[in-house]
Amino acid sequence: MIVTTIWKTKPNVPSRKRGCIAGVVGTLRLGSVIQLILRLIFCMARNDHSGYPLKWFKDQNATRNAYECAICLEVLKDPVQVRDCGHQFCALCIDDILKTDPRCPTCRIEISDVMIFEDHAARRLIKQLVVNCCNAGCSWQGCLGSLLQSHQNNCNFSIHRGNNVDEKVEKLEQTLETLMMKISTLEKKYEEDSKELKLKYEQDSKELKLKHEQDIKEVKLKLEQSENRWQLLEEKQRELCEKEKKTADLRKERFF
3 MIVTTIWKTK PNVPSRKRGC IAGVVGTLRL GSVIQLILRL IFCMARNDHS GYPLKWFKDQ
63 NATRNAYECA ICLEVLKDPV QVRDCGHQFC ALCIDDILKT DPRCPTCRIE ISDVMIFEDH
123 AARRLIKQLV VNCCNAGCSW QGCLGSLLQS HQNNCNFSIH RGNNVDEKVE KLEQTLETLM
183 MKISTLEKKY EEDSKELKLK YEQDSKELKL KHEQDIKEVK LKLEQSENRW QLLEEKQREL
243 CEKEKKTADL RKERFF
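As structure tokens, then:
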């Protein structure tokens with residue numbers, strides 16, 4: 003319910019990213035899910051990325067297959083690797099996971115800080131990938147390292163949006179405040195529903211236990227009644243046998 007409510011608040015989130023997030027947070031506790039989703043919403047609201055946007059890269063399919071982060075679905079930025087399973091993630095992404103649910107998002111093994119190391123080889127290879135300039139109208143192409151080191155700051159098509167930062171931050175804070183209020187309301191409802199379900203479960207259990215005990219008593223009573231009837235039948239059978247024996251003895255005496 004909470005996840006659905008938040009996605010309705012932010013309808014522009016791609017369906018592919020919603021599916022990934024649902025997989026990562028599927029096993030987290032309620033509070034952990036809220037923290038992770040709020041962080042992702044904050045990043046998307048300010049056009050920030052944990053990883054490098056896939057749309058920058060010339061060969062997107064090959065880049066996705068080789069260097070996609072399973073958490074943010076972007077290209078690995080400051081890549082790190084889990085020692086025991088070898089899975090790679092953005093440093094910022096896995097840091098969030100470690101704070102909420104310390105398990106590998108891909109294979110679900112338990113992980114910790116000491117099991118994660120910087121993947122320098124992957125960083126070098128990613129910096130050598132061919133990318134397009136991220137600014138509309140610019141036809142520049144080159145390696146990612148060159149884009150980050152020089153071209154991004156010197157591009158003639160760069161758009162400066164510093165004037166609207168304060169306004170966007172204020173709107174974002176209002177949105178987050180609204181979300182927190184909704185989450186608080188949902189958490190209270192969740193607690194109330196949990197208590198109600200627990201009470202109903204206890205009542206149903208008591209009723210079931212009483213019914214079970216009554217059924218056992220009825221079965222025992224029927225067994226006792228059956229045993230009594232059986233004993234009566236046995237007594238009648240013995241009486242009949244005795245009468246038949248006496249009748250036979252009387253016949254013998256008269257005959258002789």
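The numbering used here numbers the first residue of the sequence shown as 3 and each following residue consecutively.
Beta carbons: idealized from backbone N, C-alpha and C, even for Gly.
Source: prediction; values computed, not measured.
Best match in the options for proximity to residue i [C-alpha to C-alpha]
i, options, result
"L150", "A138, L131 and G139", "L131"
"G147", "K129, S160, N158 and R240", "K129"
"V84", "I185, D121 and A68", "D121"
"C109", "E237, R126, Q90 and M182", "Q90"
"N156", "R240, K248 and C135", "C135"
"V116", "D195, I96 and K248", "I96"
"S141", "K191, L94, E215 and F59", "F59"
"R160", "L174, N137 and S152", "Correcting the residue identity first, residue 160 is Ser in this sequence and not Arg. Closest by alpha carbon: N137."
"S52", "Q143, N63, I111 and I99", "I99"
"N158", "V171, K248, G139 and L225", "G139"
Coarse secondary structure for residue i, derived from DSSP in three states
i, result
"I118", "strand"
"Q143", "strand"
"C109", "coil"
"T6", "Caution applies to T6, whose pLDDT of 37 falls short of 50 and renders its modelled position unreliable; the value that the coordinates give is listed next. T6: helix per DSSP, three-state reduction."
"E260", "In the structure as shown, the chain begins at 3 and stops at 258. Residue 260 is therefore absent and cannot be evaluated."
"C243", "helix"
"F159", "coil"
"L223", "helix"
"A138", "coil"
"A47", "Only weak support exists for where A47 lies, its pLDDT of 46 falling under 50; the value from the coordinates is given anyway. A47 falls in the helix class under three-state DSSP."
"T29", "Here the model assigns T29 a pLDDT of 40, short of 50, so the residue's position is not dependable, and the following value carries that caveat. T29 falls in the coil class under three-state DSSP."
Anticipated Cβ contact below 8 Å, residue i with residue j, distance rounded
i, j, result
"P107", "A72", "5 Å"
"L75", "T65", "Actually they do not touch by this definition, with Cβ atoms about 12 Å apart."
"C92", "K79", "5 Å"
"A124", "Y69", "7 Å"
"I113", "V82", "I113 to V82, Cβ: 11 Å. No contact."
The beta strand (DSSP E) enclosing residue i, as first and last residue numbers
i, result
"N134", "V132 to N134"
"P81", "P81 to V84"
Residue i, enclosing alpha helix (DSSP H) - first and last residue
i, result
"C95", "A93 to T102"
Counterpart residues of residue i in DSSP-defined beta bridges
i, result
"V171", "None, per the DSSP bridge assignment."
"Y54", "V77"
"F59", "V133"
"Q90", "Q83"
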